[in-house]
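Using my numbering, the first residue of the sequence shown is number 35, and each one after it goes up by one. Backbone N, C-alpha and C define an ideal beta-carbon position, used for all residues, glycine too. Fair warning: this is a prediction, and the values are worked out from it, not measured in the lab. This report concerns only the one structure given below.
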Amino acid sequence: HVLGVPTRGFSPFVKDVRTGETEHSDQDYIQWVKDEMENTYGQLIDTVEKCDLETIVGIPHTEILRMAREKDVDLIVMGAHTRQEDIGATRYRSVAGRTMQKVAKAARCPVLIIGRPCTTCFKLFSHIVFGTDFSKAADSAFLFAYEAAKDAGARLYLFHSCDISPLNAGNIAGQVEIEEKIKEARRKMEQKYVSKMGDFDNYEIEIWEGIPYVEILKFAREKQADLIVMAHHAREIDPNEAELGSTMEQVVLRAACPVASVNHPDKVAGL
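Structure (structure tokens):
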């Protein structure tokens, strides 16, 4: 847990990033925070073999990334935001938590984002949805989804939504054109993903049409998905410069299950 940002220089006082209040970060305060962490997560801590509680002063996203780099972690788990209200119904951009966005952008490993209470998480994964737009960034997301499905014995759904919204192409696509897009998407699924899965046969290919984030959420709900895996962004640019994609952001904020964002191939390239 990141306690807060120092008020100035090496000051012992920090400004809590959530409450905005100034706290004295002495040993008593640090121990109190750790006690709160133990009380909050005690039941979950007891279920794992090794769990370290760490507290530090600094800028949240910077310290999270620093810790991940020093420990060479394989996965970062975060909440979608810190707001108390349900923001899933909002219709403006940049509503996902700023700390989460910055971590997802720069993390070398996948980032698992929890927007709602998670009852299954890694223990009972049985349905994993991989949402793809066939971009280069999606290739790394596929490797993570595939490995997770194999390890958990889960069914893997390879899902693509043909974007037929008028804003996408400037006009409304005809039915023949839509059907051709669906056929082409299925061909790409076989070529890019199925060809890499060897003898793994616990999968399905689904191609829908509509607004991508809406269709992904509808499909995940229909299949009672335990995990959605997507690329952090779709544009073919440097991952270090890419912002969280609009489709990914809406899925993160609205999904009933955890969503894994994969931005870099570092931790999945060898899977």
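Spatially closest choice to Val-145 from Glu-213, Glu-104, Phe-178, by CA coordinates | As a working mapping, residue 145 is identified with position 111 in the sequence shown. Per the Cα distances, Phe-178.
Under the three-state reduction of DSSP, which class applies to Leu-261: helix, strand or coil?
-> Here residue 261 is taken as the residue at index 227 of the sequence shown, counted from 1. Strand, per DSSP.
What distance in whole Å lies between the Cβ atoms of Thr-53 and Lys-68, which are believed to be in contact at a cut-off of 8 Å?
-> In the sequence shown, counting from the first residue as 1, residue 68 sits at position 34. In the sequence shown, counting from the first residue as 1, residue 53 sits at position 19. About 18 Å separates the two Cβ atoms, so there is no contact after all.
For Ile-241, the residue or residues it bridges with in DSSP | Working through the sequence shown from its first residue, we reach residue 241 at position 207. According to DSSP, Ile-241 bridges with His-194.
Residue burial classification, Phe-234 (beta-carbon count within 10 angstroms, cutoff 16) | Walking along the sequence shown from the start, residue 234 turns up at place 200. By the 10 Å Cβ count, Phe-234 comes out exposed.
Contact belief for Ile-262 with Val-293 at Cβ below 8 Å, rounded distance in angstroms | Counted from its first residue, the sequence shown places residue 262 at position 228. Counted from its first residue, the sequence shown places residue 293 at position 259. Indeed they touch by this definition, with Cβ atoms about 5 Å apart.
On a CA-only basis, which of Gly-76, Ala-182, Asp-60 is nearest Ser-160? Give me that one, please.
-> Residue numbering aside, residue 160 sits at position 126 when the sequence shown is read from its first letter. Ser-160 has its Cα closest to that of Ala-182, out of Gly-76, Ala-182, Asp-60.
Could you check if His-266 is buried or exposed, using at least 16 other CB atoms within 10 Å of its CB as the buried criterion?
-> Position 232 of the sequence shown holds residue 266. His-266 should be labelled buried.
Whose C-alpha, out of Glu-104, Glu-72, Tyr-180, Arg-150, is nearest the C-alpha of Met-112?
-> Locating residue 112 in the sequence shown gives position 78, counting from the first residue. When only C-alpha atoms are compared, the closest one is Arg-150.
First and last residue of the uninterrupted alpha helix (DSSP H) at Leu-78 = Mapped onto the sequence shown, residue 78 falls at position 44. Start and end: 61-79.
How about Val-163 and Tyr-191: do their beta carbons lie closer than 7 Å?
-> Reading the sequence shown from its first residue, position 129 is the one you call residue 163. Reading the sequence shown from its first residue, position 157 is the one you call residue 191. In contact: Val-163 and Tyr-191 (Cβ atoms closer than 7 Å).
With contact counted as at least three CB pairs below 8 Å, one residue from each stretch, are the segment 38-48 and the segment 75-87 in contact?
-> no
By how many angstroms is the C-alpha of Tyr-247 removed from the C-alpha of Thr-166?
-> Here residue 166 refers to the residue found at position 132 when the sequence shown is read from its first residue. Here residue 247 refers to the residue found at position 213 when the sequence shown is read from its first residue. One C-alpha to the other measures close to 11 Å.
Grouping DSSP H, G and I as helix and E and B as strand, with all else coil, what is Lys-215?
-> Position 181 of the sequence shown, counted from the start, is the residue given in the question as residue 215. Three-state DSSP puts Lys-215 in a helix.
Val-302 (DSSP reduced to helix, strand or coil) | On the sequence shown, position 268 is the one that residue 302 refers to. Residue state, collapsed to three classes: coil.
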